[in-house]
Each structure stands twice: as structure tokens, then as C-alpha cells.
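So the sequence lines, in the order shown, correspond to chains C and U. Taking this note's numbering, the leading residue of the first sequence gets 17, the next gets one more, and so forth. Taking this note's numbering, the leading residue of the second sequence gets 213, the next gets one more, and so forth.
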Amino acid sequence: MTNFSRRRVLRTLCMTATLLAVGAGGSALAQDRTSVKIGYAVSKTGPNAGGAGITTIPNYVLWVKEVNDAGGLEMPDGKRLPIELVEYDDRSSAEEVVRAVERLATQDKVDFMLPPWGTGFNLAVAPLFDRFGYPQLAVSAVTDKAPEFVKRWPKSFWLLGGGHDYTEALASLLAKARDDGTINDKISMISVADGFGIDLVTAARPSFEKAGFNVVYDVTYPAGTTDFSPMISEASSNGADTFVAFSYPPDTFAMTQQAQVAKFNPKVLYLGVGVGFPAYGAANGENATGVMSLGGIDPNNEANAAYRKRHEEVTGQAPDLWGSVVTYSSLQMLQEAIKRKGLDRDAVSAELSNGTFETALGEVKLEDNQLRKLWLGGQWQNGQFVAVAPADREGAAAPVLPKAPWKAQ
Amino acid sequence: MRKGATWAGLALLLAVLAAAPLYVSPYVLGLLVGIAGYVTLATAWAMFSGPTRYVSLATVAFFGIGAYTVAVLSETLPYPLVLLVAALIGLAVALVVGLSTLRLAGVYFVIFTFGLAELVRQLVTWYEINVTGTLGRYIFLPLGPEHIYWQLLALAAFTLSLSWWVSRSRIGLALKVIGDDEVVAAHSGINLTRTKLMLFAASSVIITLVGAIQAPRWTYVEPAIVFNPTLSFLTLIMALLGGATRLWGPALGAIPLFLLFEWLAANFPNHYSILLGLLFILIVFVLPNGVLAFAEKLWGGNAGKVAAATRGTPPS
Chain C
17 MTNFSRRRVL RTLCMTATLL AVGAGGSALA QDRTSVKIGY AVSKTGPNAG
67 GAGITTIPNY VLWVKEVNDA GGLEMPDGKR LPIELVEYDD RSSAEEVVRA
117 VERLATQDKV DFMLPPWGTG FNLAVAPLFD RFGYPQLAVS AVTDKAPEFV
167 KRWPKSFWLL GGGHDYTEAL ASLLAKARDD GTINDKISMI SVADGFGIDL
217 VTAARPSFEK AGFNVVYDVT YPAGTTDFSP MISEASSNGA DTFVAFSYPP
267 DTFAMTQQAQ VAKFNPKVLY LGVGVGFPAY GAANGENATG VMSLGGIDPN
317 NEANAAYRKR HEEVTGQAPD LWGSVVTYSS LQMLQEAIKR KGLDRDAVSA
367 ELSNGTFETA LGEVKLEDNQ LRKLWLGGQW QNGQFVAVAP ADREGAAAPV
417 LPKAPWKAQ
Chain U
213 MRKGATWAGL ALLLAVLAAA PLYVSPYVLG LLVGIAGYVT LATAWAMFSG
263 PTRYVSLATV AFFGIGAYTV AVLSETLPYP LVLLVAALIG LAVALVVGLS
313 TLRLAGVYFV IFTFGLAELV RQLVTWYEIN VTGTLGRYIF LPLGPEHIYW
363 QLLALAAFTL SLSWWVSRSR IGLALKVIGD DEVVAAHSGI NLTRTKLMLF
413 AASSVIITLV GAIQAPRWTY VEPAIVFNPT LSFLTLIMAL LGGATRLWGP
463 ALGAIPLFLL FEWLAANFPN HYSILLGLLF ILIVFVLPNG VLAFAEKLWG
513 GNAGKVAAAT RGTPPS
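See below:
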């Protein structure tokens with residue numbers, strides 16, 4: 017008889033699965049609504065969980081908590097409706113994120129959806145956001161094709177710029193240092209053989225060439241590389257004053273250590289994702305000073321400072337110094353657009369395109385559905401990762417070059 | 213008479229399934245796309261690995277090749293030709309891989325096939341970096357979920373038919389002998405390599421096509437997305453749950469497992485991986501020979517006769 021009960025268990029399990037999967041999820045179209053349903057699918061597990069756990073998830077958590085602590089999202093008539101949250105884990109699988117977004121739109125019938133983490137995943141769900149009529153505020157997607165995507169999906173918004181923006185900013189910063197006689201015109205460049213590294217290095221080659229630089233060393237390394245000493249030793253003997261690495265966080269931390277061990281002291285040290293993590297400053301202390309990367313913040317921006325404080329209080333960790341504040345600001349924009357236009361998704365999308373918003377980034381107005389006023393380059397100075405590029409933007413600090421040699425620890 | 217009724221029933225089932233996009237919600241259609249995909253993958257996997265007992269973890273290698281071919285060619289060739297090219301590339305890779313590895317046995321074969329997926333992924337990455345200078349590719353094809361579903365359904369029907377035909381043909385019998393004892397098979401005059409190679413190639417081409425058909429659903433393709441090893445493991449566990457040596461086994465494993473995964477993902481998003489691991493352990497311990505074999509054991513004599521009939525002797 018035990019066999020039978022096992023079989024019954026399995027059968028019941030499967031039937032429950034079918035029933036729940038097919039039949040669950042009530043309609044939220046009642047006139048007297050008591051909440052606003054907001055849903056998202058994001059990588060809580062799998063290879064993307066690291067990035068999502070820093071730039072995306074803590075900001076979603078913080079925002080929902082703040083809104084609900086204040087009584088909910090404010091509607092145009094002044095009434096407040098609390099957020100009812102539906103969250104899924106896409107397990108870093110493209111097929112799963114597609115199905116989760118289908119589930120959010122057609123089964124859970126959420127009022128608004130927040131985007132997943134990563135360029136690939138934002139693109140995977142873009143046709144669905146478009147088909148079901150949801151605005152998509154894509155933050156963690158660095159892409160040069162944003163103008164093309166906006167034409168294809170008019171309710172998509174791209175807020176972190178493209179690889180080209182970052183490399184142009186770097187090239188102009190370096191060109192100025194060269195013209196001042198601080199550095200020579202040779203650059204050593206390495207990049208990780210994965211999405212981010214390839215995009216950036218492909219954009220960097222023409223940027224450097226146009227600015228009159230000579231890239232004397234240009235190699236890619238496979239994702240997961242841990243020993244960078246051959247590359248560092250090559251770069252330290254080829255006469256280049258500038259070392260650029262479009263790297264992922266583990267590589268960035270490892271390179272910093274190995275450069276110190278090898279006493280490799282380029283006049284400009286520019287590394288990839290990871291430099292903008294608070295942990296980078298904490299791990300390297302004094303030696304972080306002078307290291308450059310993408311992103312950065314204006315330490316005198318009070319809205320941003322207040323945001324950073326709340327983020328640390330609520331989530332127990334400080335936000336990173338590149339994408340986090342943009343993620344949070346995108347949520348503030350959505351909140352404000354709902355306050356102005358209500359829950360009509362078309363009207364909210366139009367408001368996001370055309371409106372002006374007060375956010376943790378300062379005043380934001382999108383151009384062609386893209387955020388163009390971004391901090392493109394930063395440098396660690398006095399224990400803070402401050403923005404240094406674009407140099408002509410208000411609030412930019414002056415880069416300190418050449419970078420001081422490593423101090424013995 | 214009974215045979216005729218079975219065929220009519222299957223045709224009716226196919227018709228009902230094919231008409232599904234007309235009467236189900238978009239969400240259910242998404243589920244059906246997933247189910248059709250996994251039924252095809254599991255059946256194709258079991259077609260080779262079931263009778264020969266060569267456990268292959270190369271599923272995602274072929275799946276990824278299919279998806280990547282569509283990503284590369286979707287702008288330059290008409291869609292049916294793209295599918296054809298994908299199938300041909302899958303066939304070529306299967307033949308090369310098969311010729312060089314099917315002499316391996318047991319755990320060596322498992323390790324090789326697992327490595328193959330990583331090898332293909334690194335080759336694609338290397339090519340993209342050094343030759344084209346981009347890593348992600350875009351697929352903008354005017355295909356909605358219903359188009360993908362119909363293609364997958366047709367492929368699933370074809371795969372089941374092929375599997376049925378193989379199990380009744382001489383080659384199917386030869387495969388069973390190989391699975392039981394390779395030495396005996398060789399002594400009975402069976403050409404071991406050719407037989408294994410044919411089935412491996414057929415199974416791989418179908419898996420390649422599943423990847424090619426599903427790719428337009430993602431819009432953006434990069435090696436990390438399409439060569440996700442989880443797919444190989446899911447296919448394997450589905451086929452094992454149903455029973456890899458039976459025609460309907462993989463399908464009967466894939467459907468409940470897929471729905472169960474979906475239910476877990478929707479209701480326990482934070483504990484999904486733990487529950488999944490427990491479930492795998494449970495399947496291996498409680499149902500080592502699959503649900504169908506388990507059911508047959510329960511129903512004893514009656515099912516034994518059916519099983520004997522389906523195993524049958526091939527027409528001479």
C-alpha cells in the first residue's frame with residue numbers, strides 16, 4: 017500500500033501544480049482597488065545573482081519599503097495605495113525570465129513591471145513589455161543601440177548609456193592629460209572575453225585612435241581568469257603610461273592586488289566593474305586612491321548622499337557607485353509619473369518620456385527615452401569614488417594624475 | 213481495429229493541441245511552448261541514450277548551436293533555410309563528435325559530452341571576439357509565441373513518430389542489444405559504430421532544431437544564455453523520470469516535471485533550487501526506472517503483457 021500512497025502523492029503534486037499554474041492569479045481589475053500590483057523577475061540565483069544583488073534587488077527592496085512606509089503610491093486624486101509585490105527568480109535563465117514576465121503580465125496582471133538585471137535579459141523581455149503595453153525602465157543594460165530600440169519599442173527607456181559614451185569620456189580625459197604633458201600617448205588595454213568587456217573594448221579602439229593614442233598592447237582574457245601577472249608584466253615593460261582593463265569584479269579585485277605585488281605603477285590605472293563597489297575602497301584602503309573606472313558620484317549632491325544613507329540603513333549594505341543610484345532614480349521617476357497620471361500605463365509612459373523629475377540623481381529629463389546626463393568616469397579620491405568625467409558637467413571633480421605609486425601595506 | 217482507434221485518438225489529440233493558441237491565454241501558451249520544447253528534447257535524448265545507455269550531457273551543445281545559427285543567419289537567409297542550415301550544422305557536428313567519441317564507454321562518454329558543451333561555447337566566444345568583435349547578437353524575427361509553439365509541436369510529433377519507428381525497426385533492436393552487451397552485439401554481426409552514430413546524429417539534429425526554433429523568443433543571444441548547462445540536466449532528469457527506454461516515457465516525465473518546476477518557480481521563488489535538488493534525489497531513489505516502469509510493476513500481469521507486446525520482434 018505504501019506504493020499506492022507514493023503514487024497518489026506524486027499524482028496529487030502534479031495535479032496541484034497544473035491547477036495552480038493554470039488557474040491561479042486573480043483579476044485585479046476591481047473598481048475599488050486597495051493596492052497597486054508591482055511585479056518583477058530578477059536573477060536571485062545563478063551567475064547573474066552577483067550583479068543583480070548589488071545594483072538591482074536592494075534598490076527594489078528599498079523603494080517598495082519606503083513607498084509602503086509612507087502609506088503607498090500616491091494617485092492623482094491624492095489617495096495612497098500600498099504596493100502589493102509579486103517577485104520571481106529568473107535563475108539567470110533567459111527562457112525563465114521570458115516566462116516569468118509573461119506570467120506577471122497575463123496571470124498576475126500586475127499594474128507595472130520592474131525590469132530584470134543585465135543587457136541580455138532586458139532585451140529578452142523588451143518585446144513582451146512592448147506587446148503587453150508596460151513601460152520598461154531598463155537600467156542595468158549598457159548598449160549603444162538604445163536609439164534603435166526606442167524606435168522598435170516606444171515604451172522602453174535606457175538609462176545607463178552605451179559603451180561608446182564611456183570610452184569617449186575616457187579618451188577625452190586621457191587626451192587632456194597627454195596635452196598637459198602628464199602622460200605619453202601609449203595605452204595598454206586588456207578586456208574580459210564576455211559581453212561587457214567586448215562591448216567596451218570594441219568601442220574603445222576607435223575612441224582612442226580618434227584621440228590620437230597608440231594602443232601598444234590589446235588582449236582579451238577568458239572570463240574566470242585569476243592570474244593576471246603575465247599581462248601585468250607585459251604592460252609594465254612596453255612603455256605605456258596608461259593601463260586600461262575592461263574587467264569584471266573578481267578580475268578587478270585580483271588585478272589590483274597583483275599590480276601591487278608586481279610594483280606595477282602606471283600613471284593612469286583604469287579598471288572595470290568592481291572599482292565602484294564600496295568594498296573596493298574598503299579592501300584597498302589608501303591604495304584605492306587614484307584608481308579610475310566607470311561611473312562615480314558627485315559627493316556634494318545632497319539627494320544622492322541622503323539616498324546612500326537610507327540604502328545602507330534599510331538593506332545593510334552601501335550602494336555601488338555607478339548603477340545603483342540610477343536604478344533608484346528610475347523608480348522615483350515611475351512613482352512620480354504614477355502620481356501625475358495614475359495607473360494608465362500609456363499615460364505614465366508618455367509622462368516618463370516627456371516629464372521632468374526630481375530624483376536622487378538630481379533633476380532628470382530623458383532625451384529620446386534615454387538618460388544622457390550620466391557620470392561616465394570616476395576616480396577614488398580621499399576615500400570616495402568621485403565623478404571626474406564628463407569634465408564639463410557641474411559637480412565633476414578634477415582627476416588627480418599621475419596616480420601615486422602603491423604604498424606598502 | 214484497436215490500432216485504428218489509437219491512431220485516430222492521436223490525430224485528434226494533435227489537432228486539439230494545434231488549435232490551442234486559439235482558445236488558451238497567453239500565459240498558458242507560454243507554458244505549452246515550454247512543454248513542447250522539453251517533450252521534444254527529452255524524447256530525442258532518450259531515442260539515443262535510452263536503449264544504448266550512453267548518458268549524454270551534450271544536449272545544450274546542440275541546442276546552443278541551433279540557437280546561434282538562427283542568431284547569425286536570421287537577417288541574411290529566409291527563415292526555413294535558416295532552420296535547414298541549423299539542422300545541417302547540427303548533423304555535421306554530431307557526425308564528427310560521434311565518430312570520435314562513440315567508442316568511449318561509460319563515464320568517459322558522460323564526461324566528454326559535458327565538456328563538449330563548454331568547448332562549443334568557448335569556440336563560439338573565441339570566434340565572436342576575434343573575428344566579429346561583438347558578443348551579443350540580436351534576433352528580430354516576426355515570430356510570436358504561437359508560431360514557435362506550432363513549430364515545436366510539429367517537431368515533437370515528428371520526434372515521437374521517429375522514435376516509434378526506430379523502436380520497431382531492426383536498428384532499434386540492434387540498439388537494445390548494444391545497450392545490453394556490446395560484445396554480444398558485435399558478435400551477432402551488428403555494426404556498432406554505424407548504428408550508434410545514426411541514432412546519435414538523428415537525436416542531435418532534433419535537439420539542434422529545438423534550439424533554433426526557440427531562439428527568436430529571446431531577442432538577444434550570447435553564449436552564456438544559450439549554452440546554459442542546466443538544460444542538459446533538466447532534459448536528462450525528465451527522460452529518467454518518465455522512463456528512457458519507452459516511447460511515451462520521456463514525454464510523461466517532461467510534462468509533470470515542467471509543470472512542477474513552473475509551480476515551484478511561481479510559488480517558492482526563494483527556495484526553488486533547494487526543492488529541485490530534493491526532488492532529483494527523490495526521483496532517483498523512489499523511481500529509478502521511471503514512472504512507466506513503476507506503474508507497470510503496480511499493475512503486474514496485465515502491464516507485463518503490454519510491455520512484452522511493445523517490445524515485440526521486429527518485422528523480418
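Glycine is no exception: its CB is placed at the ideal position from the N, C-alpha and C atoms.
Any beta-carbon of chain U closer than 8 Å to the one on residue i?
i	result
residue 127 of chain C	no
residue 156 of chain C	no
residue 135 of chain C	yes
residue 142 of chain C	yes
residue 109 of chain C	yes
residue 333 of chain C	no
residue 30 of chain C	The pLDDT assigned to residue 30 of chain C is 49, lower than 50, so where the model puts this residue is not dependable; a value taken from the coordinates is nonetheless given after this. So yes, residue 30 of chain C belongs to the interface.
residue 182 of chain C	no
residue 375 of chain C	no
residue 122 of chain C	yes
Would you kindly work out how many angstroms separate the C-alpha atoms of residue i and residue j, rounded to a whole number?
i	j	result
residue 205 of chain C	residue 223 of chain C	13 Å
residue 186 of chain C	residue 282 of chain C	16 Å
residue 393 of chain C	residue 273 of chain C	22 Å
residue 413 of chain U	residue 307 of chain U	6 Å
residue 222 of chain U	residue 465 of chain U	19 Å
residue 305 of chain U	residue 357 of chain U	29 Å
residue 45 of chain C	residue 372 of chain C	Only weak support exists for where residue 45 of chain C lies, its pLDDT of 43 falling under 50; the value from the coordinates is given anyway. Approximately 30 Å between the Cα atoms of the pair.
residue 58 of chain C	residue 240 of chain U	21 Å
residue 43 of chain C	residue 357 of chain C	Note that residue 43 of chain C scores 38 on pLDDT, short of 50, meaning its location in the model is unreliable and no value can be drawn from it.
residue 41 of chain C	residue 148 of chain C	Confidence in residue 41 of chain C is poor, its pLDDT being 39 and thus under 50, which makes the residue's placement too unreliable to answer from.
residue 50 of chain C	residue 119 of chain C	22 Å
residue 169 of chain C	residue 350 of chain C	18 Å
residue 324 of chain C	residue 153 of chain C	21 Å
residue 37 of chain C	residue 484 of chain U	Confidence in residue 37 of chain C is poor, its pLDDT being 44 and thus under 50, which makes the residue's placement too unreliable to answer from.
residue 278 of chain U	residue 424 of chain U	4 Å
residue 263 of chain U	residue 454 of chain U	14 Å
Under 8 Å, do residue i and residue j count as touching if we go by C-beta distance?
i	j	result
residue 333 of chain U	residue 284 of chain U	no
residue 257 of chain U	residue 381 of chain U	no
residue 177 of chain C	residue 155 of chain C	no
residue 340 of chain C	residue 380 of chain C	no
residue 407 of chain C	residue 189 of chain C	yes
residue 476 of chain U	residue 488 of chain U	yes
residue 107 of chain C	residue 67 of chain C	no
residue 421 of chain U	residue 367 of chain U	yes
residue 492 of chain U	residue 499 of chain U	no
residue 141 of chain C	residue 132 of chain C	yes
With DSSP collapsed to three states, give me the class of residue i.
i	result
residue 406 of chain U	helix
residue 349 of chain U	strand
residue 259 of chain U	helix
residue 230 of chain C	strand
residue 215 of chain U	helix
residue 469 of chain C	Absent from the structure is residue 469 of chain C, since the part of chain C shown begins at 17 and ends at 425.
residue 434 of chain U	coil
residue 276 of chain C	helix
residue 509 of chain U	helix
residue 411 of chain C	coil
residue 397 of chain C	strand
residue 174 of chain C	strand
residue 287 of chain U	coil
Report yes or no: is there a C-beta of chain C within less than 8 Å of the C-beta of residue i?
i	result
residue 429 of chain U	yes
residue 477 of chain U	yes
residue 253 of chain U	no
residue 281 of chain U	no
residue 444 of chain U	no
Does the beta carbon of residue i fall short of 7 Å from some heavy atom of the ligand PLP?
i	result
residue 243 of chain U	Ligands in the displayed structure: none, and consequently the ligand PLP is not present.
When Cβ atoms are compared, which residues of the stretch 205-237 of chain C fall closer than 8 Å to chain B? The displayed structure is made up of protein chains C and U, and chain B is not among them.
Where the stretch 446-463 of chain U meets chain C: residues whose CB sits under 9 Å from a CB there: Those would be none; no residue qualifies.
Proximal residues, the stretch 49-61 of chain C versus chain U, C-beta separation under 9 Å: 57, 60 and 61
Closer than 9 Å between beta carbons: that is the criterion. Which residues of the stretch 387-421 of chain U meet it against chain C? Residues passing the 9 Å Cβ filter: none.
In the stretch 334-367 of chain U, which residues sit with their C-beta less than 9 Å from some C-beta in chain C, listed in chain order? 334, 337, 338, 340, 341, 342, 345, 346, 347, 348, 350, 352, 356 and 357
Positions along the stretch 281-302 of chain C whose CB lies within less than 9 Å of some CB in chain U: none
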